[in-house]
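In the working numbering, the protein residues as written are 178 to 296.
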């Protein structure tokens, strides 16, 4: 549902939402968002994150708001185009990536890791 809300924003090209460990709630949400190329050059990510959270609050509810929104250049996908959410969880939890043999573009993982770690 969150991914459908995010894509309604004209600046968002694609997104993936994963479950992550949360100290108080047990489980929280984290979103990885790709911006459309024109928006990526001009938009303030902090402002857009607030806008996206506001959209989630209105359309789903505050309980569904992600703990963090990370703007990334691309998502890790298999050669057939399926998003490898397992890799996003591994990156968010600082774990080794394990098997990446089906990954279409291995360089994507490093760019996501850099964006994630630079907060």
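For glycine and all other residues, C-beta sits at the position ideal for the given N, C-alpha and C.
Quick one: Cα of residue 216 to Cα of residue 277, how far?
Straight through space, the alpha carbons of residue 277 and residue 216 are spaced by roughly 30 Å.
My output table needs one value for residue 271: the three-state DSSP class, helix, strand or coil.
coil
Should residue 246 and residue 178 be called a contact, given that it needs their Cβ atoms to be closer than 7 Å?
No, these two residues do not count as a Cβ contact at 7 Å.
Is the Cβ-Cβ distance between residue 261 and residue 253 less than 7 Å?
For residue 261 and residue 253, yes; Cβs fall inside 7 Å.
Between residue 207 and residue 195, which are expected to be in contact by the criterion C-beta below 8 Å, what is the C-beta distance as a whole number of angstroms?
6 Å
Straight-line gap, residue 280 to residue 288 (C-alpha atoms, nearest Å)
14 Å
Please confirm whether any heavy atom of the ligand ADP lies closer than 6 Å to the CB of residue 200.
With respect to small molecules bound, the structure shown includes none, and the ligand ADP cannot be examined in it.
Nearest CA to the CA of residue 263: which residue from 197, 188 and 183?
197
Based on DSSP bridge pairs, tell me the residues matched to residue 207.
195 and 245
Chain-order list of residues whose beta-carbon lies under 8 Å from that of residue 286 (same chain, five-residue window excluded)
253, 264, 268, 274, 277 and 280
Outcome for residue 193 when other beta-carbon atoms lying within 10 angstroms are tallied against a minimum of 16
buried
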